[in-house]
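Contents: one structure, followed by commentary.
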Amino acid sequence: MGERLSYRRVDWFILLCVAVLATYGVLFVGSAEGEHSGRFARQVLWVGLGAVAFVAAVYVDYMKLLRHAYLLYGLALVALVLVFFTRPVNNATSWFDLGFFKIQPSEFAKILWTLCMARYLSTQAHYRRLGGLWLPLALTLAPLALVLVQPDLGTAMIFIPALFALLYAAGVRLAHLGLVGACGLAGAGVLWVAFMREYQKVRIRAWWNPALYRDTAAYQMVKARIAIGSGGATGLGHGRGTLNKLGWVPEKETDLIFSVIAEEWGFIGCLGLLVVFALFMVACLETARRVREPQGRLVVIGVTALLGFQTIVNLWVAVGLMPMTGVTLPFVSYGGSSLLSSFLGVGLVVNVGLRRHATLAPDPFST
Amino acid sequence: MFRRRVNILICVFVAPVVAVAVQLARLQILHGDTYRELAREGRTWDELEPAPRGRILDARGETLARDQPSYGLAVVAAELPLERVRVADVREMRDAPAPDERRRRRAVFLDRLASGEAAVQALAEATGLDTATLADGLVTALENAVRYGSERYPEPFVFGLDRDAWLRLEVLLNPVALPRQANRRKGDAAREVLMRGVECVTRAGRAYPCGSVACHVVGHVGEYDQGEVDSLRTWGRAVAGPRARLDGFREAIRGPEAALEMARLLGRDPGGIESAAELSAVLREALRSRPGAVGLLTTALGPEWVEMAEWLGRPDEVELTEGERIWIAPRGHLKDRRIGRTGVERAANWRLRGRHGYRVVIRGLAIEDGRPVPELDYIRSMKPQPGEDVRLTIDLRFQREVETALAGTGLPAAAVFVDPRDGAVRAVASAPAFDPNVFAAADPAEIAAVLNDPRKPLMNRAIQGAYAPGSVFKVVVAIAAIEENAISPETSFECRHEYEIGGHVLRCLADPGHGWLGVTEALTKSCNIFFYQTAERLGAEALVGKARAFGFGERSGLDLPGESAGSLPEADVARGVPRTTLAQLGIGQGPITVTPLQIAQLFAAIANDGPVYRPHVMEGPPVAERVVRFSPEARAAVLEGIRGVIDEPGGTAYSAFHKPAGPGGLAFSAEFPFVRVTGKTGTAERGRRRPPHAWFAGFAPADAPEIVFAVVVEGGGHGGNVAAPVVARALAAYFRLNPPRGGAAGAGKE
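Structure (structure tokens):
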């Protein structure tokens, strides 16, 4: 079914938000790394590639993609398995090293999983019953487990709230969701206690009581927080964040780039970023609301949930509301795979918003 | 319904973002100033300039101990190329809840490091150390790195490497041809081939150029170990502020006994001390003016005051070692953890150590050409104050001769030579000796060998060895008896070789007995029976009392640590001793032990006719210690008696001084005809099966004494045969170096 792509239906607002976020990213990777360093150049490069990916993601009709959703999902799982045969970097087998750059399959697996879930949840109705929930769960647990074992707790974690958001949006009964949630928590609790390594337990203790662990486990966390706090209302000035420049803040261009923003642009700068993120998420959800086609809706919800929860986790870790996990800030943190997959995701969202497909029911997902 | 759910989802996403904004407001706006201050503090640290430790010099300025760089290695934890173990394992090891578990994990980690890691093997080859030593050092360094977050900074882990090996390693690890700053990547690449994460470092070490000569006097230097660091840190916190000191003091004197004890010690009411400054002044005064104040303070206030008392001498020099980065004004220590353990290194540790300098550094950012550049700013600084050199009263040339003479006996032995006119010690020797340089060795096994040697080379027998004095003590008995009118210089007893007391038969050396003799002859011939009877007449209490007056049973006050006080029965105990014991005491056996130093002080009293000066190895003004009273008759009788020991052909030490020591040598009396040596031999029995200790003590020249000596050879047999020749040889060396007024053989006349 052909439709004309109308400029008016492109969610320019979403594009604007993404552009602002990407600009933040480029600016602060530049500041954190130095304008002439390799990482800054790469960040610019990846943003450019991301823009290309974005266009590609918008151009192809998403329905065509969804036809191969299961296949793509299978490919994602294969990639996640294959990655175990690579050399560990930082004690984790999370990357394919292709010489010039590294690809992190888990980032792309998230998007492909969304496609799969969108297809499944909109074409099958079994999940309305409690018993029918096991397949979506299984479909989620597979990539989750594979990512978890890399080990990459942070990325694996994001699957769960994204799943719940998808299920919720697809109309699963709250009671069922609650039940699954409770079981999941219990199961996770058991796994946690049984398999959690000493240093992870220490991390949690350190987060709970940073003063006690000031010189040991919480050392870096405390330094990051000092960096944030010292930014004050207006920040120390771009490129003048002493703590991050002098190397006291770890992962300052990836996981903790927010602390660089906080130190250099202060509360104002951070607030701007937060507002843009919030608006971005709302805009995406508005697209979901506007669009009628059920698969499209779910794609949007899925992508928004992935990006949104990742953002929230990263921000909460940065300001100390959560113990440290390793997730990047979408569009802002340095990281090729993360940028690329985020741009692809947003591309899909705009893609969905662009098209008008027929639906079988006037208001899908209504009970 | 979907719409409603989307609305809910919007809230689900937006609410946490709002929470972030709220937290940010708290951190940045509410507490922004606090964090700014913390950031500034975090960028501030002290840069140390260690002060060089003072040297120890002999009387003529020859160096006995000096600083020397110690060569070692440091590890950058984050870069060390470990294959089988990980630095994260160290974190796990440290986080173990129970100490046993921690130890077990540490042992496992050590084992893996030592046996499985190529990096450790390579280091072992390059340095010549064994893998176990290296692994142990590495684990400690990694623990520190993980603990203080310094994984990216070099942490030293082994020292005492051979200089050449170190230089070779240094060239390997820092290729000179590749300028590091300019072309960092290439340099890093080269280093990757050889060994990442290891750097060559130096720190201050100690060298003893004279080796084992005067080793017991000089002592050696050790390092604070972790236990001492921790305990220093603990009480350092307690004394961190003068306020804390005052509180600690008040706490200690809470009980009425403690308060009374303290009042007695300080000479004033301790409760009336109001301010911390007053407390410091009062304590300092007490430490300075009252001998033994340190010991009393320790008893009264507890063991941590041992160290405290020393530190209190300079209240502003209290320091702490590294670790929690707790600093006490003025800041200091850190790189140099050395502390003297024995000898002068310990006794004069404060003078030798000097005071470290420091600079407070703030790391900030400057903008140069639009780019931020780290810069360093210095706030205030204190110049390091090098340690004082300490000069000894010992002449190394003489000391060497004494040590050689002692070593010639082949037995454990000790010798003390003191100048009685001012208490300056001319030689202190103890055999067997050790080389203090061994403590700078990298291999702990070498150090352990010295520490665990059953012959106890570390013991300074001259001041720590407590021996039965034997016949040397008869001098004391003689003087006491004459003073107390138990006998007169003319009194004579008969010696018939055997003497019965209370059913036991005691003997004299001569068989048959000496016949009738007076005190003078008894001393010359060392007759036991005479002194059995003298002791009986004298009584134990008076005997012991006079011995105490000569300084037996208490320390002589030498400025070296570890002096023993010997042992002497208390007056009330002495009253009740059985007759046989009393007789034994009369000849210097039984419940009495003395150190060679105490014997030397005894003869110093006799040589000076009363006044005794405190012995000292470090240069300083003479300090009068006590005045021993005895009458001219007593002195004359004793002097006459012991003169004969050497000068009369029947004297027990005659041959040592009148016969040449070896073929082609001169006898002492031939070489120094105008120097009269006077003294007493002793043969201290130790039971039937063990050879007795050989003693010889006295002074020279007899008319104007300038050197007092006491020599004991453990298990040497007869004093005249074994100890006296040592003295003869040593005195010959002494008078060669310090020609007597009368001149040597063939030079001038009297």
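Respectively, the protein sequence lines represent chains Z and A. Heads up: the first sequence runs through residues 1089 to 1455, numbered per the numbering used here. Heads up: the second sequence runs through residues 16 to 765, numbered per the numbering used here. Built from N, CA and C at the ideal position, the CB exists for glycine as well.
Starting from the Cα of residue i, find the closest Cα among the options and give me that residue.
| i | options | result |
| --- | --- | --- |
| D1149/Z | G1384/Z, L1427/Z, I1400/Z and I1389/Z | G1384/Z |
| G1441/Z | D1240/Z, G1423/Z and E1374/Z | E1374/Z |
| L1367/Z | S1347/Z, D1343/Z and T1392/Z | T1392/Z |
| R1378/Z | A222/A, R18/A and L182/A | R18/A |
| G1396/Z | I1246/Z, N1297/Z, A1258/Z and R1293/Z | I1246/Z |
| L24/A | M1369/Z, F1355/Z and Q1398/Z | M1369/Z |
| A685/A | P675/A, D404/A, G568/A and G694/A | P675/A |
| A483/A | G533/A, A557/A and F711/A | F711/A |
| A619/A | G566/A, R658/A and V660/A | G566/A |
| A487/A | V186/A, P576/A, N543/A and L421/A | Rather than Ala, the amino acid found at residue 487/A in this sequence is Val. Here the closest residue by C-alpha is N543/A. |
| R756/A | P67/A, A717/A and A745/A | A717/A |
Strictly under 8 Å for the Cβ-Cβ distance: is residue i near chain A by that measure?
| i | result |
| --- | --- |
| R1313/Z | yes |
| I1316/Z | yes |
| A1253/Z | yes |
| C1105/Z | no |
| A1321/Z | yes |
| I1400/Z | yes |
| R1377/Z | yes |
| C1271/Z | no |
| V1143/Z | no |
| W1296/Z | no |
| A1274/Z | no |
| V1391/Z | no |
| A1230/Z | no |
| A1129/Z | no |
| V1407/Z | yes |
Counting only Cβ pairs nearer than 8 Å, list the residues of chain A close to residue i.
| i | result |
| --- | --- |
| Y1256/Z | R20, I23 and L24 |
| T1330/Z | A54, R58, R378, G379 and L380 |
| I1248/Z | Per Cβ cutoff of 8 Å: no residues; I1248/Z is ~14 Å from chain A at best. |
Using 10 angstroms around the beta-carbon of residue i, count the other beta-carbons present and answer buried if the total reaches 16, otherwise exposed.
| i | result |
| --- | --- |
| V321/A | Any reading at V321/A needs caution, since the residue's pLDDT is 49, under 50, leaving its predicted position unreliable; the model's value is listed next. V321/A should be labelled exposed. |
| P194/A | Caution applies to P194/A, whose pLDDT of 47 falls short of 50 and renders its modelled position unreliable; the model cannot decide the point. |
| P527/A | exposed |
| D410/A | buried |
| G328/A | Bear in mind that the predicted position of G328/A carries a pLDDT of just 43, short of 50, making it too unreliable to give a figure here. |
| C1105/Z | buried |
| S582/A | exposed |
| A671/A | buried |
| N364/A | buried |
| L275/A | exposed |
| Q613/A | buried |
| T1228/Z | buried |
| R68/A | buried |
Please confirm if residue i has its CB atom under 8 Å from at least one CB of chain Z.
| i | result |
| --- | --- |
| A34/A | yes |
| Q400/A | no |
| L157/A | no |
| L39/A | yes |
Residues bridged to residue i by DSSP?
| i | result |
| --- | --- |
| E721/A | In the DSSP output, where bridge partners are listed per residue, E721/A has none listed. |
| P626/A | V642/A |
| E509/A | W531/A |
| R406/A | L72/A |
| T698/A | A709/A |
| G355/A | V236/A |
Can you pull the chain Z residues whose beta carbon is under 8 Å from the beta carbon of residue i, in chain order?
| i | result |
| --- | --- |
| V29/A | A1366, M1369 and V1370 |
How would you list, in chain order, the residues of chain Z whose beta-carbon sits under 7 Å from the beta-carbon of residue i?
| i | result |
| --- | --- |
| Y393/A | Chain Z residues near Y393/A: none, gap ~16 Å exceeds 7 Å. |
| A160/A | By Cβ distance, chain Z contributes nothing, its closest Cβ being about 11 Å from A160/A, past 7 Å. |
| R51/A | S1318 and G1320 |
Given that residue i touches chain B, what residues does it touch there, using C-beta distances under 7 Å?
| i | result |
| --- | --- |
| G358/A | In the displayed structure, chain B is absent; the protein chains listed are Z and A. |
Going along chain A, which residues have a C-beta under 9 Å from residue i?
| i | result |
| --- | --- |
| L1362/Z | V32, V33, V35, A36 and L39 |
Name the chain Z residues whose beta carbon is nearer than 9 Å to that of residue i?
| i | result |
| --- | --- |
| G47/A | G1317, S1318, G1319, G1320, A1321, G1354 and F1355 |
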